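Numbering (this note's numbering), first residue to last: 3 to 331.
Okay, here's the thing in structure tokens:
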């Protein structure tokens, strides 16, 4: 005989305010902080999006199956608030755009993506991955555009004391998402190509900064990093240090002009600046973005140095996946 669960009257049970439809033909229950939340939904919508739900509902109900409010009841083992967000994506297309456009998008959608994978709603994972790829630069040119836009903001008076070489002021980022949430989401929705630049962006956010100038959504959530992620960061600093030590030797240049001694001295000074900057920040791209050869160099050496820096920056960017142990394929 079917067990009938009466409509809730207990303080520990509630009907979801948005997703309890009188014409629904299936009820899902989930718990949140000790309270059971009921969602009355439509099988047709759930089975349209999820083969897992389709298989679940295709199974004949046993005679002793629970019901709630005259509808079959399925007890879910998911958090009610997360299940509500997941259901919202299935039912209400209008809620998708605000989430995707939110500055905190990776954190907002992460739990829903976890459920989407669990219930095989592939389009949610695909949508999240696509948005991540839009948010993060995929080329050195795109990365430099972000840096230039940040610099333009500060030059416009947002922070007149901004210093691109200073680790503390490097934390005042406005144009890239919070990296840790993005890293977690990228791994969950299969967008590994954003991982190298997300890790590099995390390098820009100082551990010593009190984050008072950052919005809550911008503060790096390092506590969410997996041990393997922390290992990647440590290993990357070591790999970058060894790489830059090796690569700077290839930038050695012996001037053949009359200013040879002066050019060689200036060239050596510039290489030292690069080495010191990378040792301090780990981010060669920031150290060299606005680096120019001094006027004391002859024109030939100046041109050669600029070309070498451009090549060095591109090689560094191309090796980010290696530095951070990211499998982007």
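Heads up, the beta-carbon is just placed ideally off N, CA and C, and yes, glycines get one too.
Small disclaimer: the values here were computed from a predicted structure and weren't measured.
Query                                                                                                                                                                : Result
DSSP three-state call for residue 223: helix, strand or coil?                                                                                                        : coil
Look up residue 80 in the DSSP assignment and say whether it is helix, strand or coil.                                                                               : strand
Excluding five sequence neighbours on each side, which residues of the same chain lie with their C-beta closer than 6 Å to the C-beta of residue 53?                 : 122
Would you mind working out which of 36, 60 and 323 sits nearest residue 335, comparing C-alpha positions?                                                            : Outside the shown range of the chain (3 to 331) lies residue 335, about which nothing can therefore be said.
Mapping DSSP to helix, strand and coil, what is residue 15?                                                                                                          : strand
Alpha carbon to alpha carbon, how far is residue 66 from residue 31?                                                                                                 : 17 Å
Compute the beta-carbon to beta-carbon distance between residue 44 and residue 23, rounded to the nearest angstrom, for a pair I have assumed lies under 8 Å.        : 7 Å
From the beta carbon of residue 23, is the nearest beta carbon of chain B less than 7 Å away?                                                                        : Of the chains in the structure shown, none is chain B; there is only one protein chain.
Are residue 108 and residue 193 close, meaning C-beta to C-beta below 7 Å?                                                                                           : no
Provide the residue(s) that pair with residue 40 in DSSP beta bridges, ordered along the chain.                                                                      : 17 and 31
In this structure, how does DSSP classify residue 250 when only helix, strand and coil are distinguished?                                                            : helix
Relative to the C-alpha of residue 64, which candidate in 295, 179 and 74 has its C-alpha closest?                                                                   : 74
So residue 112 is in the alpha helix (DSSP H); what residue range does that whole segment cover?                                                                     : 107-120
If I measure Cβ to Cβ from residue 310 and keep anything under 6 Å in the same chain, skipping five residues before and after, which residues do I get?              : 253
Bridge partners for residue 74 per DSSP, in chain order?                                                                                                             : 69
Pairing CB atoms from the segment 121-138 with CB atoms from the segment 186-204, are three or more of them under 8 Å?                                               : yes
Quick check: what's the CA-CA separation for residue 269 versus residue 190?                                                                                         : 46 Å
Assuming the contact rule is C-beta atoms closer than 8 Å, residue 112 and residue 187 should be a hit. Round their C-beta distance to whole Å, please.              : 5 Å
Is the distance from the Cβ of residue 280 to the Cβ of residue 246 below 7 Å?                                                                                       : yes
Out of curiosity, what's the CA-to-CA distance linking residue 243 and residue 104?                                                                                  : 36 Å
Cutting at 8 Å between CB atoms, please list the residues of its own chain near residue 148, excluding the five before and the five after it.                        : 139, 177 and 178
My output table needs one value for residue 22: the three-state DSSP class, helix, strand or coil.                                                                   : strand
Thinking just about the alpha-carbon of each residue, which of 83, 285, 128 and 276 is nearest to the one in residue 200?                                            : 285
For residue 266, which residues of its own chain have a beta-carbon under 7 Å away from its beta-carbon, when the five flanking residues on both sides are left out? : 256 and 257
Under 8 Å by Cβ, that's how I've got residue 224 and residue 182 pegged, so tell me the actual separation to the nearest angstrom.                                   : 6 Å
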